[in-house]
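Remarks on the structure that follows.
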Amino acid sequence: MNSYFVILVIIGITSLFASFLPILLKRFKISFTIPLLLFGGILYYLNTPLPWPDPVWPVDLALRFSELVVIISLMVAGLKIGLNYSWKEWQNPLRLIGITMPLFIVAVFLISYYILGLEGHVALLLAAVLAPTDPALASEIQLNEKQSPSDKNVGVQYNLTAEAGLNDGLAFPFVFLAILWSKNGTLQAEQWKEWLSFYVVYKVVVGVLVGIAIGYAYSFLTQKLSEQLERKIHQAFVAISLTLLAYGIAELLKSYGFMSVFFAGLFANYHQHTDGKQHLSDPNLHFITNVEKFLIIFWMIFFGGSVIAGILNFNTLYTIIFGVLLVLILRPVLGYVALYGTNLNQKKKLAISFFGIRGIGSVFYLTFAIKHGNFENLNIIYSIVALVILVSILVHGISVKRSTEKIED
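Letter 311 of the sequence shown, counting from 1, is numbered 310 in numbering that gives the first Met the number 0, and no numbers are missing.
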């Protein structure tokens, strides 16, 4: 019973954090994730009765909680972007997806296999897990409001939001490729055929179509409502409902729910975009954004505790160097390669390349692969992923607010 009341107190404290941290940290110009990281470490040190890792993350808990945070964040990203950007404006984030992410996966795989000495399927898993940028922990450098055709952001914030929205789903095929490799011991023609046809084409296409259908259907139905009926809709719950519907249906159809949620968010205001009218029943972005922040706070506390619990202890000197260089050099260089020759100015290219934040999505992919694959001796992978996330939180958390003040979008 005492443990129950302690947990209630912690929930109360974290709720206050959600309310007051932006005010308290404005002067220090650091991300809210850093003090939460410290708070989680303190709670673990005080032996607070929470489901702490011992020392690696409990697979089922980490899988489901990270999954929930990511899909909420993807809906937030989709709603902010909407359908207000032209094909030309989508080209820069698509370059990050089509150039930076594949090059990143290849580079991490080669380093992991030839230098760190990991088995092929484990090296591929590590590369796939670390490939996506994070829509949750990167929220402070992404779009902070819903965009409109007349007043839209086309700089750093938009490109990072669009990249994170897309690559959290498009990294999944490579996770499945690692799973197939782990189960079969090799990748023969049969496995490659299955991967390309089902895990790449089917899952991506169906996931996108499900998301578009749900977003469009919601937009169409609400457009047909009278203004009196529109006013009776509890808008606060709409975005959450669309998130769960899109993700659940897509997963039932064995497609990529992450893709579905993002595209449902993009198309949820389809008719507002086409007819130019402001509908009262638009999904409430403010409410779901607060839900996202609340979940991130709990995740950060959990992650801070895992650091103190010893999840980093399996790293070696080589993996520490690898993790630091991945955040500070590999992503920035490959990001800049993708944006070379675009119409973005130099400051924006450097900022977009640098802020390839790693976070909660990597935890989901790792725990998903462990649950569905046949991987052994993964403590080193846990440690590397945790190290990369920690370095990203600290480096980007300290620099993000200072950078956004200097870069004009």
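Cβ atoms here follow ideal geometry from the backbone N, Cα and C, with glycine treated the same way.
Only a predicted model underlies this, so the values are computations on that prediction, with no experimental measurement involved.
Burial state of residue i, where buried means 16 or more other Cβ atoms lie within 10 Å
i           : result
residue 133 : buried
residue 188 : exposed
residue 221 : buried
residue 141 : buried
residue 104 : buried
residue 185 : exposed
residue 113 : exposed
residue 4   : exposed
residue 351 : buried
residue 191 : exposed
residue 195 : exposed
residue 81  : buried
residue 175 : buried
residue 375 : exposed
residue 83  : buried
residue 15  : exposed
residue 6   : exposed
residue 86  : exposed
residue 46  : exposed
residue 117 : buried
residue 246 : buried
Within 8 Å, strictly: CB atoms of residue i and residue j
i           : j           : result
residue 310 : residue 235 : no
residue 261 : residue 340 : no
residue 399 : residue 30  : yes
residue 264 : residue 73  : yes
residue 181 : residue 373 : yes
residue 328 : residue 136 : no
residue 391 : residue 356 : yes
residue 297 : residue 13  : yes
residue 325 : residue 387 : yes
residue 218 : residue 267 : yes
residue 109 : residue 317 : no
residue 122 : residue 111 : yes
residue 414 : residue 95  : The displayed coordinates of the chain run from 0 to 408. Any statement about residue 414 would go beyond what the structure contains.
residue 322 : residue 33  : no
residue 344 : residue 54  : no
residue 282 : residue 241 : yes
6 Å Cβ shell around residue i - same chain, five flanking residues per side excluded
i           : result
residue 124 : 177 and 368
residue 102 : 333
residue 92  : 158, 161 and 162
residue 380 : 125
residue 216 : none
residue 2   : 48
residue 252 : 205
residue 139 : 30 and 399
Cut-off 7 Å between Cβ atoms - residues of its own chain near residue i, not counting five sequence neighbours on either side
i           : result
residue 408 : Per-residue confidence for residue 408 stands at a pLDDT of 45, beneath the threshold of 50, marking its modelled position as unreliable; no derived number is given.
residue 60  : 50
residue 377 : 369
residue 294 : 67, 68 and 71
residue 353 : 331
residue 199 : 172
residue 183 : 190
residue 119 : 112 and 180
Close-in-space but distant-in-sequence residues of the same chain around residue i (CB under 8 Å, 5 per side omitted)
i           : result
residue 371 : 178
residue 284 : 75, 78, 79, 144, 145 and 238
residue 130 : 100, 103, 104, 107, 166, 170 and 173
residue 203 : 168, 169, 172, 254, 255 and 258
residue 42  : 9, 49, 300, 303 and 304
residue 422 : Since the first residue shown for the chain is 0 and the last is 408, residue 422 is missing from the structure and cannot be characterised.
residue 58  : 366, 369 and 370
residue 335 : 348, 349 and 352
residue 244 : 213 and 263
Residue i: CB within 7 Å of a non-hydrogen atom of the ligand MN
i          : result
residue 55 : Looking for the ligand MN in the displayed structure turns up nothing, as the structure carries no ligands at all.
Legend entry - Any 3 or more C-beta pairs closer than 8 Å across the stretch 157-173 and the stretch 344-363: yes
Inset, instruction - Please determine if the stretch 284-294 and the stretch 302-309 are in contact, where contact requires at least 3 C-beta pairs separated by less than 8 Å. - result: Contact between the stretch 284-294 and the stretch 302-309 is absent, because fewer than three Cβ pairs lie under 8 Å.
Inset, instruction - Evaluate contact between the stretch 33-43 and the stretch 256-271, counting only Cβ atoms and requiring at least three cross-stretch pairs below 8 Å. - result: Verdict: no, contact absent.
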